[in-house]
Amino acid sequence: GLGGVGAALGLTSSTSAIVGPGAAEAAAAPASSPAPIAEIAAASSRATSASPASSIVGYSNLHDPRVFNGLATPDRTDRSLDGLIPAGEAPPDVEVARAAAALEACDTPMQKYRQLVSLQNTDETTFYALLELKTAELLPVLYTPTVGDACLQFGTLTQRPPGLYVSLENLGNVRALVDNWPANDVRIAVLTDGERILGLGDQGVNGMGISAGKSMVYAACGIKPGWLLPVQVDNGTNNTKLLKDPLYVGSRRERVRGEAYDRLLDETVRAIQGRYGARTVIHWEDFAPRNAFRNLQRFRAEGAITYNDDIQGTAAVTVAGILASLRVTKRALGEQRVLFFGAGQANIGAAELLVRALVEDGVDESVARSNVFLFDSKGLVVDGRPAEYKISDDKIPFAAKPGTPFTSSLEEAVKSVRPTALVGAAAQPQVFTKKVIESMCAFNPRPVIFALSNPTSKAECTAAQAYEWSKGKAVFASGTLFAPVNYKGTRFAPGFANNAFIFPGVALGSLASGASSVTDAMFLAAARSLASQVSEENLAVGAVYPPTSTIREAAVVVGAAVAAAAVEEGAAAPGACRGGAIPGRDGRSVAVPSLDALTGGGNVGDGTCANWEACVRDYLKTCL
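For the sequence shown, this note's numbering gives the first residue as 12, with consecutive numbering after it.
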């Protein structure tokens, strides 16, 4: 029978009995009687031996999403699909229209998510064509905010997004799992252990929704789906609700830490690099702070081409928004005082990158740090605050100078620090109260207010609240997409501070330049590039980020800036974009197309491109 799981779901032996002819007889037979099973086995054996090979091939192709393309599937006879597909034929655009119509019939974002994942598992060609056609509409469904609900409901998904699952039971054999992945040219692996999924906490193996969602964003930006590998590392979960849930799909154990955990990550990364090359990009996603910084530093030191999107991607998108907001507030970057609410990996990463930007603009580092403030779970991070509120090492560089009063009230901290910008990334909903926002307005004609936590249920405030409480003065952006707001006759379309504007371009620039590492300077270049793409039309409606409809182009432009920064940093491969040769992903020398051939000439200096955008676009079209 179904045992404990069946009982928990309300199923019994009778409700789960064999369905079809002979079901009653089979159900009535004694449990010890082998006769029904033997008869079924014999019949199955006879059917199998009599079945032509073409039936197996056809069935396999019918259920292979890389082959099946609905009524647009070519070469039906050669693929043994005659009779398995309706006789009608249709061009691919009709299949896309069919998928779009099915999506329109869905009532909720979660229903749309299920429909899209089903399509991805059935017909990849149509899925990715639909994603390209309706990128702005589908990103909030496949990624934030809906992906949060998808992770929470992962156990009820009968079709899950494709990905690779690696657990502690696989130690010593991870390479065999990687070899099972059907793609032969993976260039970007997205890894999570599910311990800190968005603002939802420990979701265990359900975190695969995030790795898969990030991979879909890469694909939406033009990166070939076959280059992408979503990976879920299963070292258990400390979410007791999941451990008791009969529908949970992961290992039922509390999280294993220490040496075994590190060995599993080591073996997973080595297996990926072993099959796909040492230059495969390793993208870390939604690890708890205790492991996020440590894993990034450890694998960076070992020479992996790696980055942590929660630390570096969030940092870049935050700094990009601050840079773009300067065109609205009419203030210089050196005049900014920024208060970060939340002192986790996202805000500490953003604070560090902001300091780097200030230093690049000529501000002394000590002065730059004195104008950046953190507010953690205990209150304002100040030098000499009460001993019971000890400051961790990663926060010490931002501890406010002596004389700044300690407070556990955000409103009082705003009044004391007098920031020009308030950035929230602590998953504390509604913490940006009316009084906090009114306090920001008291000394700022145009206060910058970023509510970056997601999903929507974790946002520090809504767009409507920010505009209403600031009387339309706020320069607002959020980590979840809010609808436009009309305030006293003025229409605001708040900016979407989404890492999706950053990480695809970082990967593209790193790969196209043959980078040996991904540096902080490359992320700052990404931030400056993104800020430069905000148009006057965007700013006029209150947006300090480009619209999501431009995300594909944004990835190319950001990628070009990242590649140029890699050259400047000395991280790019010798000969990158000069018609020379760079080390390939498998260590072999690979020819690089001359930029002269792409743009008609114009390389500038040794290793500098006249047009990195052309090189990045070419990289998307060809396989280095």
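In this text, a Cβ means the ideal position worked out from N, Cα and C, and glycines have one as well.
Close Cβ partners of residue i (< 8 Å) along its chain, the five nearest in sequence each way excluded
i, result
"phenylalanine 503", "Ala474, Tyr478, Gly483, Phe487, Pro495, Val496, Asn497, Val552 and Gly553"
"methionine 533", "Val517, Gly520, Ser521, Ala526, Val573, Ala576, Ala577, Glu580 and Ala582"
"glycine 390", "Arg396, Tyr400, Phe417, Thr418, Ser419, Ser420 and Ala424"
"valine 428", "Arg348, Leu350, Phe384, Leu391, Ala411 and Thr415"
"valine 68", "Arg90 and Ser91"
"phenylalanine 165", "Arg171, Gln214, Val216, Asn217, Met219, Gly220 and Val260"
"leucine 364", "Gln323, Ala326, Ala327, Thr329, Val330, Asp531, Phe534, Leu535 and Ala538"
For residue i, the residue or residues it bridges with in DSSP
i, result
"proline 241", "Val201"
"threonine 501", "Tyr498"
"valine 434", "Phe351 and Phe461"
"isoleucine 96", "Asp93"
"isoleucine 293", "Ala200 and Thr317"
"serine 377", "The partner list for serine 377 (beta bridge, DSSP) is empty, contrary to what the question assumes."
"leucine 175", "Val242"
"valine 486", "Val459"
Integer Cβ distance of residue i from residue j, believed to fall under 8 Å
i, j, result
"aspartate 277", "glutamate 296", "That pair is no contact at about 18 Å."
"glutamine 214", "glycine 205", "5 Å"
"valine 216", "isoleucine 333", "Actually they are not in contact, since the Cβ atoms of valine 216 and isoleucine 333 sit about 36 Å apart, beyond 8 Å."
"alanine 335", "valine 545", "4 Å"
"asparagine 465", "threonine 491", "4 Å"
"arginine 286", "valine 189", "5 Å"
Distance, residue j Cα to residue i Cα
i, j, result
"cysteine 626", "threonine 317", "22 Å"
"glutamate 106", "serine 222", "27 Å"
"valine 292", "alanine 326", "19 Å"
"phenylalanine 310", "alanine 470", "32 Å"
"proline 557", "leucine 239", "25 Å"
"alanine 379", "aspartate 405", "17 Å"
"leucine 638", "glutamate 265", "Nothing can be reported for residue 638: it is not among the residues displayed for the chain, which extend from 12 to 635."
"lysine 235", "arginine 563", "13 Å"
"asparagine 246", "leucine 211", "18 Å"
"lysine 412", "glutamine 441", "29 Å"
"phenylalanine 507", "aspartate 196", "32 Å"
"glutamine 476", "lysine 445", "8 Å"
"valine 128", "aspartate 394", "50 Å"
"tryptophan 623", "isoleucine 448", "42 Å"
"serine 381", "glutamine 356", "20 Å"
"arginine 589", "arginine 628", "With a pLDDT of 45 at arginine 589, under the threshold of 50, the modelled position of that residue is not reliable, and no figure is offered here."
"valine 434", "alanine 315", "31 Å"
"threonine 248", "isoleucine 208", "12 Å"
"alanine 303", "proline 103", "42 Å"
"threonine 88", "threonine 467", "49 Å"
"leucine 150", "valine 228", "7 Å"
"leucine 550", "proline 257", "49 Å"
"leucine 153", "arginine 281", "29 Å"
"serine 528", "serine 388", "34 Å"
Neighbourhood of residue i by C-beta, 6 Å cutoff - its chain only, sequence neighbours within 5 removed
i, result
"alanine 536", "Ala572, Val573 and Ala576"
"alanine 39", "In this predicted model, alanine 39 has a pLDDT of only 42, less than 50, meaning its place in the structure is not dependable enough to derive any value."
"tyrosine 630", "Ala523"
"alanine 101", "Leu82 and Ala83"
"alanine 194", "Gly237"
"leucine 341", "Note on residue identity: the sequence assigns lysine, not leucine, to residue 341. Cβ within range, chain order: n/a, list empty."
"proline 241", "Gly174, Val201, Ser222, Ala223 and Ser226"
"alanine 542", "Ala331, Leu334 and Ala335"
Heavy atom of the ligand PLP within 7 Å of residue i beta-carbon
i, result
"arginine 186", "This structure does not include the ligand PLP; it has no bound ligands of any sort."
Simplified DSSP assignment, three categories, for residue i
i, result
"asparagine 319", "strand"
"alanine 37", "Annotation note: pLDDT 38 at alanine 37 (below 50); position unreliable, coordinate value reported separately. Alanine 37 falls in the helix class under three-state DSSP."
"tryptophan 623", "helix"
"serine 543", "helix"
"tryptophan 480", "helix"
"leucine 82", "strand"
"phenylalanine 11", "Lying before the first or after the last residue shown, residue 11 is absent from the chain, which here runs from 12 to 635."
"glycine 414", "coil"
"glycine 659", "As shown, the chain starts at 12 and ends at 635. That puts residue 659 outside it, with no answer to give."
"glycine 390", "coil"
"phenylalanine 384", "strand"
"phenylalanine 454", "coil"
"glycine 2", "One cannot answer for residue 2 here, as it falls past the ends of the chain, which runs 12 to 635."
"phenylalanine 534", "helix"
"glycine 506", "strand"
Chain-order list of residues whose beta-carbon lies under 7 Å from that of residue i (same chain, five-residue window excluded)
i, result
"alanine 18", "Any reading at alanine 18 is ruled out, since the residue's pLDDT is 42, under 50, leaving its predicted position unreliable."
"arginine 367", "Asp531 and Leu535"
"glycine 360", "Ile322, Gln323, Thr325 and Ala326"
"valine 158", "Gly220, Ile221 and Gly224"
"glutamine 284", "Thr291"
"phenylalanine 493", "Thr473, Ala474 and Pro505"
Neighbour flag for residue i against chain D, beta carbons, 8 Å
i, result
"valine 197", "Checking the listed chains, one finds no chain D in this structure; it contains a single protein chain."
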